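To keep things clear, I will list the structure first and then write my remarks on it.
There are 2 protein chains.
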Amino acid sequence: MTDSALADTLREAGLKVTEPRVAVLTALTDIPHSDADTIFGAVLPSVPGTSLQAVYGVLAALTAAGLLRKIEPAGSSALYERRTGDNHHHIVCTECGAVRDVDCVVGHAPCLTPSDAGGFTVHIAEVNFWGVCPDCQNALTQKSAD
Amino acid sequence: MTDSALADTLREAGLKVTEPRVAVLTALTDIPHSDADTIFGAVLPSVPGTSLQAVYGVLAALTAAGLLRKIEPAGSSALYERRTGDNHHHIVCTECGAVRDVDCVVGHAPCLTPSDAGGFTVHIAEVNFWGVCPDCQNALTQKSAD
DNA sequence: GAAGTTGTCTTGAGTTATTCAAAACAACTG
DNA sequence: CAGTTGTTTTGAATAACTCAAGACAACTTC
Chain C
627 MTDSALADTL
637 REAGLKVTEP
647 RVAVLTALTD
657 IPHSDADTIF
667 GAVLPSVPGT
677 SLQAVYGVLA
687 ALTAAGLLRK
697 IEPAGSSALY
707 ERRTGDNHHH
717 IVCTECGAVR
727 DVDCVVGHAP
737 CLTPSDAGGF
747 TVHIAEVNFW
757 GVCPDCQNAL
767 TQKSAD
Chain F
627 MTDSALADTL
637 REAGLKVTEP
647 RVAVLTALTD
657 IPHSDADTIF
667 GAVLPSVPGT
677 SLQAVYGVLA
687 ALTAAGLLRK
697 IEPAGSSALY
707 ERRTGDNHHH
717 IVCTECGAVR
727 DVDCVVGHAP
737 CLTPSDAGGF
747 TVHIAEVNFW
757 GVCPDCQNAL
767 TQKSAD
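One line per chain: the protein sequences are C and F, in this order. Read in the working numbering, the first sequence has 675 at position 49, and its numbers run on one by one without any break. Read in the working numbering, the second sequence has 670 at position 44, and its numbers run on one by one without any break.
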């Protein structure tokens with residue numbers, strides 16, 4: 627994705643096009659599911675004078691505009707991704723923290739409807755899977771074979 | 627639930643029975659889905675010399691022993707509850723933060739199996755619903771009627 | 001029932017992710 | 001090109017939580 631395409635994306639969302647914003651979008655295209663600090667590290671080379679606070683500001687603005695989705699897995703800092711609006715879920719590795727997208731389970735509206743919401747109006751259902759990624763499975767197998 | 631029943635619960639889990647631990651269990655029986663600070667406040671009157679750090683320690687020990695479940699909804703601090711081992715879910719009010727238990731959706735193993743786990747071994751599926759509680763619905767209706 | 005051992009609590013400080021505020025600055029408008 | 005509005009920089013502050021060391025209490029053994 628080119629910078630000018632990203633610029634258009636920003637403009638369409640009613641946001642001003644700035645270097646930090648384009649850089650953050652570029653970084654999240656390359657490395658999705660990154661936290662603010664990782665994004666800051668990825669952005670710093672191309673935007674030398676920037677700061678972590680600026681990254682937080684950009685992330686908040688882009689999330690509010692619907693350009694980013696913020697996910698907050700238990701026990702880790704907030705992660706951001708560009709894939710929005712499709713209600714997909716995530717699986718997190720309990721060993722290394724790796725995150726992977728999981729498409730919505732087999733076409734289940736039932737999955738997203740509690741049996742008894744106790745009078746609550748349900749707006750969204752959030753599903754997170756926890757498990758072990760292939761790499762860590764190998765590492766664990768290796769270890770137990772020692 | 628009496629203190630001695632709680633004491634037995636602790637002993638059965640292989641934990642020493644102490645005043646702060648009994649007090650934390652009592653507090654969580656009365657007010658489930660509480661955070662460390664709220665529990666601290668509820669415990670303080672009956673265990674005058676205690677500290678927030680002690681509460682954190684107790685919560686960690688009881689959670690590790692399987693006596694408590696820790697839930698960490700996005701954007702809020704960690705909450706604890708005594709209901710464990712039944713894989714139930716939660717619905718959180720986006721207005722006031724109220725949390726309510728939701729029994730597992732209509733008997734769905736499918737709900738807990740991602741369509742493509744990408745090589746991950748899935749251990750647990752976590753489901754959180756976000757919506758508006760009855761009280762806040764009323765408040766919002768009222769407000770729009772003004 | 002008393003002494004010892006082990007684990008728990010208290011006290012105090014430190015860490016990390018995140019947020020707030022004010023001034024300097026840059027992007028879009030006309 | 002100048003003005004306005006919104007963004008970024010700089011610096012500091014906050015909240016939730018963790019770590020560490022000594023004081024202390026619960027269960028065990030005698």
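In this text, a Cβ means the ideal position worked out from N, Cα and C, and glycines have one as well. The structure presented is a predicted model; accordingly, all values stated were derived computationally and were not measured.
- For F/P671, the number of other beta carbons within 10 angstroms of its own is below 16, and it is reported as exposed.
- No residue range can be given for C/A691, since it is assigned to no alpha helix (DSSP H) and is classified by DSSP as neither H nor E.
- Within its own chain, the residues whose Cβ lies closer than 8 Å to the Cβ of F/L705, once the five positions on either side in sequence are excluded, are H659, S660, D661, K696, I697, E698, P699, V725, listed in chain order.
- Any Cβ of chain F closer than 8 Å to the Cβ of C/V673 would place that residue at the interface, and such an atom is absent.
- A buried status is given to C/E752, since no fewer than 16 other beta-carbon atoms sit within 10 Å of its beta-carbon.
- Between F/H715 and F/F755, the C-beta spacing is below 8 Å.
- By DSSP's assignment, C/T628 forms no beta bridge with any residue.
- Taken through DSSP and simplified to helix, strand or coil, C/N764 comes out as helix.
- The criterion of a C-beta distance shorter than 8 Å is not satisfied by C/A668 and C/V648.
- Listed in chain order, the non-local C-beta contacts of C/A680 below 7 Å within the same chain comprise P646, local neighbours out to five positions each way being set aside.
- Secondary structure at C/A751: strand, using DSSP grouped into helix, strand and coil.
- Excluding residues up to 5 positions away in sequence, L678, V681 lie with their Cβ nearer than 6 Å to the Cβ of F/F666 in the same chain.
- Nearest Cα to F/L685 within the set F/A653, F/A765, F/G675, F/D629: F/A653.
- For C/H714, the nearest beta carbon of chain F is not closer than 8 Å to its own beta carbon.
- Any Cβ of chain C closer than 8 Å to the Cβ of F/V728 would place that residue at the interface, and such an atom is present.
- Secondary structure at C/V648: helix, using DSSP grouped into helix, strand and coil.
- Taking 8 Å as the threshold, the shortest C-beta distance from C/P658 to chain F does not fall below it.
- DSSP links C/G701 through a beta bridge to no other residue.
- By the rule that beta-carbons nearer than 8 Å mark a contact, F/G745 touches chain C.
- The continuous beta strand (DSSP E) containing C/V725 extends over residues 725-728.
- Annotation: F/N764 has no Cβ neighbours in chain C at a cutoff of 9 Å; minimum Cβ distance is about 10 Å.
- Put simply, the CB of C/E698 is near chain F, with a gap under 8 Å to one of its CB atoms.
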